[in-house]
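Numbering (my numbering), first residue to last: 426 to 698.
Data block below; observations after.
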C-alpha cells in the first residue's frame, strides 16, 4: 500500500492550530485567572506565550539536525568553477534563496499552519525532480525528526515518524517541529530560508578557506531578501490552506538538480550533498 494511503488509514489527519482550543479563564475571577497564569507558565510556548527563544534553538547551526554534512550544492559549484569567492557566494545564495529556498519555506510554513503533512510530503516530492536531492531531503528529515522528538515531544511528530519511518522531506518535518515548539508559520518560513543560504555559506568556508567574516557578511546582506522570501512563503501557505498544495511555491533551480546527480556519483566528496 502507498505509505500516504496507509497513513490516512492509520488516522493521520490535518492538524489543528496550536493553542486554538485553550482558554484563558474569566478575567473577573482572580482565582481562575491565577490558575490560568500558572498553567501558561507551566505549559510554556504551547499555551500561546511568545516562543522566539525556541526559534533560536531550532535555527542554531549546532542543533543536531544533520545539516552540517550538506553543502546545498556548494561543493559541486566549487568544482565546476562557479563558486570561488565571496561575490560568487552571494550570487549562489541569492539564487538558491529565491528558488529552492522559497519552495522549502512554503512547505515549512504550510506544515506549521497544520496542513496535511502527507499531502505536503507528496508536494515536496513533485517539486524535487532529482532522486539524489529527494534522498538527501528525506535523510535530513529523518535526522531532524530524531532531534525534534527528543527536544519537543509531540504526537504529530510521532505520527509522521511512524507512517514514514524512512523520513519525510525536511521542510515538512521542520514545519511540524516549529508547531511542536510553539512557533508559527512565519517562524518556520524564516528558519527554512536561513537554512537555504546558511548551509552553503558555512560549506564555502571549508571548501574555499573563505574568511568566515566574509561569509557572515554575505548572509547579513541577504537578510532583506530572506524576509521577503519568507513573507511570500507564508502568504502562499495560507492560500494553500484554502486551495490545496497547488498554491504552494514550485520555484526550481535546474542546475542544482543536475549537479546534485553528478555530485552523488563522485567517489570522494566532502559533503553528502
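Where a beta carbon is used, it is the ideal one built from N, C-alpha and C, also for glycine.
Since I believe residue j is in contact with residue i (beta carbons under 8 Å), could you give me their beta-carbon distance rounded to a whole number of angstroms?
i	j	result
residue 559	residue 550	6 Å
residue 661	residue 673	5 Å
residue 527	residue 676	5 Å
residue 618	residue 522	6 Å
Going by DSSP in three states, residue i sits in which element: helix, strand or coil?
i	result
residue 632	helix
residue 677	coil
residue 600	helix
residue 694	coil
residue 576	helix
residue 480	helix
residue 553	coil
residue 589	coil
residue 507	coil
residue 543	helix
residue 569	helix
residue 582	helix
Could you tell me which of the options sits nearest to residue i, measuring between CA atoms?
i	options	result
residue 570	675, 684, 507 and 483	483
residue 557	495, 488 and 613	495
residue 508	476, 652 and 681	681
residue 520	626, 566 and 492	626
residue 589	498, 544 and 491	544
residue 600	529, 638, 517 and 654	529
residue 489	567, 499 and 518	567
Given a threshold of 16 other Cβ atoms within 10 Å of its Cβ, counted over all protein chains shown, does residue i qualify as buried or as exposed?
i	result
residue 668	exposed
residue 435	With a pLDDT of 47 at residue 435, under the threshold of 50, the predicted position of this residue should be treated as unreliable, though the coordinate-derived value follows. Under this definition residue 435 is an exposed residue.
residue 542	buried
residue 649	exposed
residue 546	buried
residue 581	buried
residue 592	buried
residue 634	exposed
residue 577	buried
residue 486	exposed
Beta strand (DSSP E) runs wholly inside the stretch 516 to 540, at least 3 long, in chain order | none
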